[in-house]
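Q: Quick one: structure below, then a few questions.
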Amino acid sequence: MSNMPAELKFTKSHEWVNDNGDGTYTVGITDHAQEALGDLVFVELPEVGAKLAAEDGCAVVESVKAASDIYAPIAGEVTAVNDALDGAPETINSDPYGDGWIFKLSAGSGAADGLLDADAYQAVVDDEG
Amino acid sequence: MLIQEQSRPGRAATAQAPQHMADLSDLPSGLRRRKRAALPEVSELQAVRHYTRLSQKNFSIDTQFYPLGSCTMKYNPRACNSLASLPGFLARHPAAPASHSQGIMACLHELQDILKIVTGMHAVSLAPAAGAQGELAGVMMIRAYHDARGDHERLEILVPDAAHGTNPASAIMAGFEVREIPTGNNGDVDIAALRDAVGPRTAGIMLTNPSTVGVFDRNIQAIAETVHEAGGLLYYDGANLNAILGKVRPGDMGFDVIHMNLHKTFSTPHGGGGPGAGPVGVSKRLEPFLPVPLVVKDGQQYRWQVEPDRPESIGRMTAFGGNMGILLRAYIYARMLGADGMRRVSEYATLNANYLMARLQEAGFTAAYPERRASHEFIITLKPEAKAFGTNAMDFAKRLLDYGFHAPTTYFPLLVPECLLIEPTESEAKEDLDGFVEAMIKTRAEAEQAPETLKQAPHSLPVRRLDDVRAARHLDVAWKADETGEDAA
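Those protein sequence lines, which keep their order, are chains A and B.
Our numbering puts the first sequence at residues 7 to 135.
Our numbering puts the second sequence at residues 7 to 495.
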């Protein structure tokens, strides 16, 4: 069973969001997503400074099985990207909620409140069978 | 071993090189190489052995059952090859005038007519040289149609999430935005989601029917009405035409554009990326935009229709008339089959698929859409086996190679986890289908008792399990002389 940390928020499209408490939010893909994709071989990161609307396609992860868009879970401006993934996309497989983070957004406080909590996301995953 | 690695300086096989071609004095010196090209220098025997051995490593339709879903790996009749290789066809220069090309143009003209009848479309162009190029031509015509009407806001192409990856790629290349439409649990397009998605921005929808999940979309008429009422056009991806050949026509379903993969449905050799042929058929309103050239008959003479005859054409897809050798093989195949034969193609293709699906289900495998009749292909999911034994669809696929079967398509469509997409085609005998079922049963028994056997498969092929993750992460596709310490220059 995939790991779903209770302190994070989630989307139906399998991104996670962490409210860093300082007006920034860290985004990555879930353990379930990395498991379904398999070994990642390429990550296309967004540009720092890009202004995103919620659900904008803003990054791409590619495995030997499939390429998949990553969507902005909330609206905001990209403040940082995880450049370390460039040479080591497998970090997303090994540590999806830690070193495998993908980018950070700045947004107002409470911006992620409307997203799924761990239980609701678990239900989404279960529903996929 | 690469042939470059066998190369030794000065070793040459010149017996078949015409001496007069070695004289370069009529080439301006500024255009000549200063350094010899790094071609391998081997003896004639070494070259013969190298390529003979390579050919013996082929896993092909001529040697094995090849149920690679979505690829229609059917038998390629030898007669098509022999006739297309007649010297009159082979030796014709692509720039030969029409007056010297009446024979081949008669064949092409008839092929255009056959494809029109088979698909129920108003007109056909043979120009696109592959399926993906046919798709591009198709969506470019949709674009040209809306533009010609001054309808410049229609920039969105709808694509079901089960579509072939080429569909959204073609739409993007033609300058459209892509909007994804979900597939319902029964395998049909989610018609409510489609109704929500259509509107004044809808340029069209790209559909494969039967779809990539191996079922015929029962709502096709409602889909056609919905998209047409919104002002959009319907694009038919002909990838799965083998399922309906001679039975149902895309033109009658309401489609405005279709591309056909002649290399699949009309059985020309393919695999390894080519060659292909992707003719496009259109409804009446799209005819002006067809890619050139077309062949027309004026009285008793065949003539090329090119840009001046068709000012609204989207243009050329290749410098000449498409992949002639493939078009000829497809023409001969169509003529050998006739209308009755084409019906038998789809009947046996679907019979074989449904037989195989029923037998695999009986053996305990899980069909992805058990309540639906299969078209010419079907999906099983190995998710239960993955959970129980820790072996995935790729492990099964690799182990099947050891048993002498080309693996089915794995992990496509993405909607179904741990899936195998299986397309037996009409060519296979019952005994071959039964042999495949036996191999699947044996493989599952091994998965249960000795999963490592699967995880390390294949065991009996010249190339063992490839590390495709490493290959993708550290892409290395060019041979360099210094890698072997030899100077090939």
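For each residue, glycine too, the CB sits at the ideal point set by N, CA and C.
Quick check on L334 of chain B: does DSSP put it in helix, strand or coil?
A: Counting from 1 along the second sequence, the entry for residue 334 of chain B is found at position 328. Reduced to three states, the DSSP call for L334 of chain B is helix.
Q: Taking CB distances under 7 Å as the criterion, tell me whether A59 of chain A reaches chain B.
A: Translated into the one-based positions of the first sequence, residue 59 of chain A becomes position 53. So no, A59 of chain A is outside the interface.
Q: Does any residue of chain A bring its CB to less than 7 Å from the CB of R479 of chain B?
A: For this step, residue 479 of chain B is matched to residue 473 along the second sequence. Closer than 7 Å: yes.
Q: Got a sec: is the Cβ-Cβ distance from A72 of chain A to anything in chain B below 7 Å?
A: Position 66 of the first sequence, counted from the start, is the residue given in the question as residue 72 of chain A. Interface residue, yes.
Q: If you count every other CB in all the chains shown that lies within 10 Å of the CB of K15 of chain A, and 16 or more means buried, which is it?
A: As a working note, residue 15 of chain A is residue 9 in the first sequence. Under this definition K15 of chain A is a buried residue.
Q: Taking any Cβ of chain A, which residues in the region 411-442 of chain B have a Cβ under 9 Å from it, in chain order?
A: Cβ contacts with chain A come from T416, Y417, F418, L420, P423.
Q: Please report how far the alpha carbon of G331 of chain B lies from the alpha carbon of A90 of chain B, in whole angstroms.
A: Mapped onto the second sequence, residue 331 of chain B falls at position 325. Mapped onto the second sequence, residue 90 of chain B falls at position 84. Approximately 6 Å between the Cα atoms of the pair.
Q: State the Cα-Cα distance for the pair K461 of chain B and Y417 of chain B, rounded to the nearest angstrom.
A: As a working note, residue 461 of chain B is residue 455 in the second sequence. As a working note, residue 417 of chain B is residue 411 in the second sequence. Using only the alpha carbons, I get a separation of about 17 Å.
Q: Between the C-alpha atoms of D258 of chain B and V288 of chain B, what's the straight-line distance to the nearest angstrom?
A: By one-based count along the second sequence, residue 258 of chain B stands at place 252. By one-based count along the second sequence, residue 288 of chain B stands at place 282. Computed Cα separation, rounded: 12 Å.
Q: Classify N191 of chain B as buried or exposed, calling it buried when 16 or more other Cβ atoms lie within 10 Å of its own Cβ.
A: Counting from one through the second sequence, the residue named residue 191 of chain B turns up at place 185. N191 of chain B is exposed by the Cβ-count criterion.
Q: Determine the closest residue to G144 of chain B out of B:G396, B:V130, B:D482, with distance taken between C-alpha atoms.
A: Taking the second sequence and counting its residues from 1, one reaches residue 144 of chain B at position 138. Here the closest residue by C-alpha is B:V130.
Q: Report all residues from its chain with a CB closer than 8 Å to the CB of K71 of chain A; omit the five preceding and five following residues, and keep chain order.
A: Indexing the first sequence from 1 puts residue 71 of chain A at position 65. Same-chain partners within the cutoff: L43, G44.
Q: Nearest-angstrom Cα distance between L357 of chain B and H412 of chain B?
A: On the second sequence, position 351 is the one that residue 357 of chain B refers to. On the second sequence, position 406 is the one that residue 412 of chain B refers to. The straight-line gap from Cα to Cα measures roughly 20 Å.
Q: Quick one: what does DSSP say N24 of chain A is sitting in, helix, strand or coil?
A: Translated into the one-based positions of the first sequence, residue 24 of chain A becomes position 18. The three-state secondary structure of N24 of chain A, taken from DSSP, is strand.
Q: Between L362 of chain B and L439 of chain B, is the Cβ-Cβ spacing less than 7 Å?
A: What you label residue 362 of chain B is simply residue 356 of the second sequence in a count that begins at 1. What you label residue 439 of chain B is simply residue 433 of the second sequence in a count that begins at 1. Yes, these two residues count as a Cβ contact at 7 Å.
Q: Pick out whichever of B:A168, B:A364, B:A209, B:D167 has its Cα sitting closest to the Cα of E159 of chain B.
A: The residue labelled residue 159 of chain B in the question sits at position 153 within the second sequence. Minimum Cα distance to E159 of chain B is reached at B:A209.
Q: Can you give the Cα-Cα distance for S61 of chain B and L8 of chain B, rounded to whole angstroms?
A: Position 55 of the second sequence holds residue 61 of chain B. Position 2 of the second sequence holds residue 8 of chain B. If I take the Cα positions, the gap works out to 14 Å.
Q: Quick check: what's the CA-CA separation for V48 of chain B versus Q22 of chain B?
A: Locating residue 48 of chain B in the second sequence gives position 42, where the first residue counts as 1. Locating residue 22 of chain B in the second sequence gives position 16, where the first residue counts as 1. Roughly 14 Å between the two C-alpha positions.
Q: D167 of chain B touches chain A at which residues, Cβ-Cβ below 7 Å?
A: Numbered from its first residue, the second sequence carries residue 167 of chain B at position 161. Within 7 Å Cβ-Cβ: nothing; D167 of chain B doesn't reach chain A, min ~12 Å.
Q: For a contact defined as C-beta to C-beta under 9 Å, what are the partners of V288 of chain B on chain A?
A: Indexing the second sequence from 1 puts residue 288 of chain B at position 282. What V288 of chain B touches in chain A: nothing, since even the nearest Cβ is about 31 Å away.
Q: Within the continuous alpha helix (DSSP H) that includes G441 of chain B, where are the two ends?
A: As a working mapping, residue 441 of chain B is identified with position 435 in the second sequence. Taken as a continuous stretch (DSSP letters only), the alpha helix (DSSP H) holding G441 of chain B covers 436-455.
Q: Run through DSSP, which three-state label would F395 of chain B get?
A: The residue you call residue 395 of chain B lines up with position 389 of the second sequence. In this structure, F395 of chain B counts as helix in the three-state DSSP scheme.
Q: Answer with buried or exposed for V483 of chain B, where buried requires no fewer than 16 other C-beta atoms within 10 angstroms of its C-beta.
A: In the second sequence, counting from the first residue as 1, residue 483 of chain B sits at position 477. It is exposed - the Cβ of V483 of chain B has fewer than 16 other Cβ atoms within 10 Å.
Q: Please state if the CB of P73 of chain B and the CB of P423 of chain B are separated by a distance shorter than 7 Å.
A: Within the second sequence, residue 423 of chain B is the residue found at index 417, counting from 1. Within the second sequence, residue 73 of chain B is the residue found at index 67, counting from 1. Cβ atoms of P423 of chain B and P73 of chain B: not closer than 7 Å.
Q: Could you check if Q118 of chain B is buried or exposed, using at least 16 other CB atoms within 10 Å of its CB as the buried criterion?
A: What you label residue 118 of chain B is simply residue 112 of the second sequence in a count that begins at 1. The residue in question, Q118 of chain B, is buried, as its Cβ has 16 or more Cβ neighbours within 10 Å.
Q: Step through the CB atoms of chain A and report whether any lies within less than 7 Å of the CB of A495 of chain B.
A: Start at 1 with the first residue of the second sequence, and residue 495 of chain B comes out as number 489. With a pLDDT of 37 at A495 of chain B, under the threshold of 50, the modelled position of this residue cannot be trusted; read the value that follows with caution. No, its Cβ sits nowhere closer than 7 Å to a Cβ of chain A.
Q: Using a Cβ-Cβ cut-off of 6 Å (strictly less than) and excluding sequence neighbours within five positions of T415 of chain B, which residues of its own chain qualify?
A: In the second sequence, residue 415 of chain B corresponds to position 409, counting from 1. These residues qualify, in order along the chain: L74, G75, S76, L427.
Q: Bridge partners for P166 of chain B per DSSP, in chain order?
A: Sequence index remark: in the second sequence, residue 166 of chain B carries index 160 (1-based). In DSSP, P166 of chain B forms a bridge with B:I187.
Q: Report the residue from B:S176, B:A180, B:A168 whose alpha carbon sits nearest the alpha carbon of D223 of chain B.
A: For the purposes of this step, residue 223 of chain B is taken as residue 217 along the second sequence, with counting starting at 1. Checking every option, the nearest Cα to that of D223 of chain B belongs to B:A168.
Q: Suppose the cutoff is 6 Å on Cβ atoms and the five residues either side in sequence are ignored; what does the same chain contact list for N82 of chain B look like?
A: Numbered from its first residue, the second sequence carries residue 82 of chain B at position 76. Contacts found: S273, P275.
Q: May I ask you to list the residues that DSSP assigns as paired with F16 of chain A?
A: Along the first sequence, one-based indexing puts residue 16 of chain A at 10. For F16 of chain A, which the question treats as bridged, DSSP gives the partners A:W22, A:L122.
Q: Please look up how many angstroms separate the CB atoms of I98 of chain A and E21 of chain A, rounded, as I've assumed it's under 8 Å.
A: Taking the first sequence and counting its residues from 1, the one referred to as residue 98 of chain A is at position 92. Taking the first sequence and counting its residues from 1, the one referred to as residue 21 of chain A is at position 15. Between E21 of chain A and I98 of chain A the Cβ distance is about 12 Å, and since that is not below 8 Å, they are no contact.
Q: So for H265 of chain B, helix, strand or coil by DSSP?
A: Residue numbering aside, residue 265 of chain B sits at position 259 when the second sequence is read from its first letter. DSSP places H265 of chain B in strand when its eight states are reduced to three.
Q: Tell me the rounded alpha-carbon separation between W485 of chain B and G278 of chain B.
A: What you label residue 485 of chain B is simply residue 479 of the second sequence in a count that begins at 1. What you label residue 278 of chain B is simply residue 272 of the second sequence in a count that begins at 1. The straight-line gap from Cα to Cα measures roughly 20 Å.
Q: Can you find a C-beta in chain A that's less than 7 Å from the C-beta of V475 of chain B?
A: The sequence position of residue 475 of chain B within the second sequence is 469, counting from 1. So, interface residue.
Q: Rank B:E452, B:E368, B:A445 by C-alpha distance to the C-alpha of F395 of chain B and give the top, closest one.
A: Working through the second sequence from its first residue, we reach residue 395 of chain B at position 389. For the residues B:E452, B:E368, B:A445, the minimum Cα distance to F395 of chain B belongs to B:E452.
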